[in-house]
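S.K.:
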Ligand SMILES: [Zn+2]
């Protein structure tokens, strides 16, 4: 897909939403979108944010007549109003096409049996994975979320070869397989995991336990759902489908578009979407576009692994801290596992930060705590309370794991 063609489709989409979507009619009031013809002009358009979508609740972003909407999904809102996203039948089809490509890039074939553990319903994941696998012709085992006993039973009895899930749920499954000594009873070969940032330690742990090849999949409800990007067998970044979405990387503070290769926030324009197209949508996900072509030969460009969220930044004792930094510190201390939590509360008028981290069996917890405290002091520049725990002591989640608990007043 050449850039000229992508840009002209983006411009056409801007003109369309400025006429048809109540949200954009308001947003673009006074902006001469009909004369839009250069990339620089496009890059001067205001961003679309999650708050815009909340303000447009329930369907103020809708761009087609009601009778063309065939489905809605909703993002799992943590606070405030949920975000509802309507789909036309073409949108559903396009999404399934991208999802099918994801399976193909991961080497999944019609011989495979795909166990889909994300939830079905308003959340996009379950139905998205289902549609792509059916389009491909693989067999789906649509267990949905929860009930780990039944998941494991079906995985064994129906001989699932591909596991779909969040990385935290995959970790939970891996630990259960290990605990029940089931590895030789199951036929899993591949895993497609996504929807949250996950570090090398979690990967190592899942890999060591299950011994499967796994793939990072990327997506968000606001832009179709999961399946807009996935890594290939080279595992050198996620190919994104630039014939459906246009990606920019911006400086999250200044909003300036950064050149390929530089780390920043991913901003997406869904230029072929019919029911709820978004222009320059701020994903809050931090990554970079990897310059050059992939050794696999795919023509689709690549996004690097998601390193965090631009709004993950927490301010503690006046210092800016990203959870990814804590993860990095833990990775460099021999003995800690991949699970950790940051607890923020008050001690008098001052912030207090506790780092809880699980350590492998047979390690000296007290010794590890000393080392953790020292590394945080030098790595983050602040004093933390270190707490080394046994494997399994921290809560596991089927959805997204909450790494930061902020109960400061
Ligand atoms: Zn590739």
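In my numbering, the protein residues as written are 1154 to 1562. Ideal Cβ positions, reconstructed from N, Cα and C, are used throughout, including at glycine. Quick caveat, the model's predicted, so the values are computed rather than measured.
#1: Which residues have a Cβ closer than 6 Å to any heavy atom of ligand 1, listed in chain order?
#2: Tell me, please, which residues DSSP counts as bridged to residue 1367.
#3: Out of 1235, 1190 and 1176, point me to the one whose CA is closest to residue 1158's CA.
#4: Using the DSSP secondary-structure output, state which residues sit across from residue 1193 in a beta bridge.
#5: As an exercise, report each continuous beta strand (DSSP E) stretch of at least 3 residues that is fully enclosed by the segment 1300-1331, in chain order.
#6: Can you check whether the CB of residue 1375 is closer than 8 Å to the CB of residue 1236?
#7: So, for residue 1462: in the same chain, excluding its five sequence neighbours on each side, which residues have a beta-carbon less than 7 Å away from its beta-carbon?
#8: Return the chain-ordered list of same chain residues with a C-beta closer than 6 Å to the C-beta of residue 1309, the five sequence neighbours on each side being excluded.
#9: Report the rounded CA-to-CA distance for residue 1355 versus residue 1346, giving the unit in angstroms.
#10: Using only the alpha-carbon positions, how far apart do residue 1422 and residue 1213 sit?
#11: Taking the alpha carbon of residue 1469 as the point to measure from, which residue in 1521, 1399, 1530 and 1312 has its own alpha carbon closest?
#12: State the CB to CB distance for the pair residue 1252 and residue 1291, rounded to an integer number of angstroms; the pair is presumed to be in contact (CB under 8 Å).
#13: Residue range of the beta strand (DSSP E) that residue 1228 falls in?
#14: According to DSSP, is residue 1335 helix, strand or coil?
#15: Quick check on this structure: which residue in 1234, 1225 and 1194 has the alpha carbon closest to the alpha carbon of residue 1245?
#16: Short check: CB of residue 1525 to CB of residue 1548, under 8 Å?
#17: Pick helix, strand or coil for residue 1463, following the three-state DSSP scheme.
#18: Between the segment 1194-1204 and the segment 1414-1433, can you find at least three pairs of beta-carbon atoms closer than 8 Å?
#19: Provide the residue span of the alpha helix (DSSP H) that contains residue 1167, from first to last.
#20: Report all residues from its chain with a CB closer than 7 Å to the CB of residue 1481; omit the five preceding and five following residues, and keep chain order.
#21: Taking the alpha helix (DSSP H) that residue 1439 falls in, what are its first and last residues?
#22: Count the other CB atoms, across all protein chains shown, that sit within 10 Å of the CB of residue 1247; report buried if there are 16 or more and exposed otherwise.
#23: Using 8 Å as the Cβ pair cut-off and three pairs as the minimum, do the segment 1445-1462 and the segment 1391-1402 touch?
#24: In this structure, does DSSP put residue 1414 in helix, strand or coil?
#25: Within the chosen definition, does the segment 1358-1367 reach the segment 1324-1343 through at least 3 CB pairs nearer than 8 Å?
#26: Check whether the Cβ atoms of residue 1533 and residue 1478 lie closer than 8 Å to each other.
#27: Does residue 1475 come out as helix, strand or coil in the three-state DSSP assignment?
#28: Taking the beta carbon of residue 1466 as the centre, do at least 16 other beta carbons fall within 10 Å, making it buried, or is it exposed?
#29: Since residue 1180 and residue 1205 should fall inside the 8 Å C-beta cutoff, what is the C-beta to C-beta distance between them, to a whole number of angstroms?
#30: According to DSSP, residue 1379 sits in a beta bridge with which residue or residues?
#31: Between residue 1370 and residue 1379, what straight-line distance do the alpha-carbon atoms span, to the nearest angstrom?
#32: Using three-state DSSP, classify residue 1362 as helix, strand or coil.
#33: Am I right that residue 1483 and residue 1489 are in contact with their C-beta atoms under 8 Å? What's the rounded C-beta distance?
#34: Please state if the CB of residue 1265 and the CB of residue 1314 are separated by a distance shorter than 8 Å.
#35: Tell me the start and end of each unbroken alpha helix (DSSP H) in the segment 1233-1280 that is at least 4 residues and wholly inside, in chain order.
#36: Thinking residue 1561 and residue 1504 are a contact (beta carbons under 8 Å), I'd like their distance in whole angstroms, please.
M.R.: To lay it out plainly:
#1: 1385, 1387, 1392, 1447, 1449 and 1451
#2: If you number the chain shown from 1, residue 1367 lands on position 214. BP columns for residue 1367 point to 1344.
#3: Residue numbering aside, residue 1158 sits at position 5 when the chain shown is read from its first letter. For residue 1158, the nearest C-alpha among the options comes from 1190.
#4: Counting from one through the chain shown, the residue named residue 1193 turns up at place 40. Answer is none; residue 1193 lacks a bridge partner.
#5: 1315-1319
#6: For the purposes of this step, residue 1236 is taken as the residue at position 83 of the chain shown. For the purposes of this step, residue 1375 is taken as the residue at position 222 of the chain shown. Pairing residue 1236 with residue 1375 gives a Cβ-Cβ distance under 8 Å.
#7: As a first step, residue 1462 is located in the chain shown; it is residue number 309 there, counting from the start. The beta carbon of residue 1462 lies closer than 7 Å to those of 1437, 1438 and 1439 in the same chain, with the five residues before and after it left out.
#8: Position 156 of the chain shown holds residue 1309. 1338 and 1339, listed in sequence order.
#9: The count along the chain shown starts at 1 and reaches residue 1355 at position 202. The count along the chain shown starts at 1 and reaches residue 1346 at position 193. C-alpha separation (whole angstroms): 11 Å.
#10: Walking along the chain shown from the start, residue 1422 turns up at place 269. Walking along the chain shown from the start, residue 1213 turns up at place 60. Using only the alpha carbons, I get a separation of about 18 Å.
#11: Here residue 1469 corresponds to residue number 316 of the chain shown, with the count starting at 1. Nearest of 1521, 1399, 1530 and 1312 to residue 1469, Cα basis: 1530.
#12: Position 99 of the chain shown, counted from the first residue, corresponds to residue 1252. Position 138 of the chain shown, counted from the first residue, corresponds to residue 1291. 11 Å between Cβ atoms; not a contact.
#13: Taking the first residue of the chain shown as position 1, residue 1228 is located at position 75. It spans 1222-1228 - the beta strand (DSSP E) in which residue 1228 sits, taken as one unbroken run.
#14: By one-based count along the chain shown, residue 1335 stands at place 182. Three-state result, residue 1335: coil.
#15: On the chain shown, position 92 is the one that residue 1245 refers to. Measuring from the Cα of residue 1245, the nearest candidate turns out to be 1225.
#16: Against the chain shown, residue 1525 aligns to sequence position 372. Against the chain shown, residue 1548 aligns to sequence position 395. No, the pair does not count as a contact, with Cβ atoms beyond the cut-off.
#17: Here residue 1463 is taken as the residue at index 310 of the chain shown, counted from 1. Residue 1463 falls in the coil class under three-state DSSP.
#18: yes
#19: By one-based count along the chain shown, residue 1167 stands at place 14. Start and end: 1156-1173.
#20: Translated into positions along the chain shown, residue 1481 becomes position 328. Nothing listed; no residue qualifies.
#21: Walking along the chain shown from the start, residue 1439 turns up at place 286. Here residue 1439 belongs to no alpha helix (DSSP H); instead the beta strand (DSSP E) covers 1434-1440.
#22: In the chain shown, the residue the question calls residue 1247 occupies position 94. Residue 1247 should be labelled buried.
#23: Verdict: yes, contact present.
#24: The residue labelled residue 1414 in the question sits at position 261 within the chain shown. The answer is coil: DSSP assigns residue 1414 none of H, G, I, E or B.
#25: Taking 8 Å as the limit for Cβ pairs, the verdict is that the segment 1324-1343 does touch the segment 1358-1367.
#26: Position 380 of the chain shown holds residue 1533. Position 325 of the chain shown holds residue 1478. Against a cut-off of 8 Å, the Cβ pair of residue 1478 and residue 1533 comes out as a contact.
#27: Within the chain shown, residue 1475 is the residue found at index 322, counting from 1. Correct three-state label for residue 1475: coil.
#28: Numbered from its first residue, the chain shown carries residue 1466 at position 313. Its Cβ having fewer than 16 others within 10 Å, residue 1466 is exposed.
#29: The count along the chain shown starts at 1 and reaches residue 1180 at position 27. The count along the chain shown starts at 1 and reaches residue 1205 at position 52. Contact between residue 1180 and residue 1205 is confirmed by a C-beta separation of about 7 Å, below the 8 Å threshold.
#30: To locate residue 1379, count along the chain shown from 1; it is residue 226. Paired residue(s): 1372.
#31: By 1-based counting over the chain shown, the position of residue 1370 is 217. By 1-based counting over the chain shown, the position of residue 1379 is 226. C-alpha separation (whole angstroms): 7 Å.
#32: For the purposes of this step, residue 1362 is identified with residue 209 of the chain shown, where counting begins at 1. Reduced to three states, the DSSP call for residue 1362 is helix.
#33: Position 330 of the chain shown, counting from 1, holds the residue named residue 1483. Position 336 of the chain shown, counting from 1, holds the residue named residue 1489. Contact flag correct, Cβ pair sits at about 5 Å.
#34: Translated into positions along the chain shown, residue 1314 becomes position 161. Translated into positions along the chain shown, residue 1265 becomes position 112. Yes. Within cutoff.
#35: 1242-1258
#36: Position 408 of the chain shown, counting from 1, holds the residue named residue 1561. Position 351 of the chain shown, counting from 1, holds the residue named residue 1504. Between residue 1504 and residue 1561 the Cβ distance is about 6 Å, and since that is below 8 Å, they are a contact.
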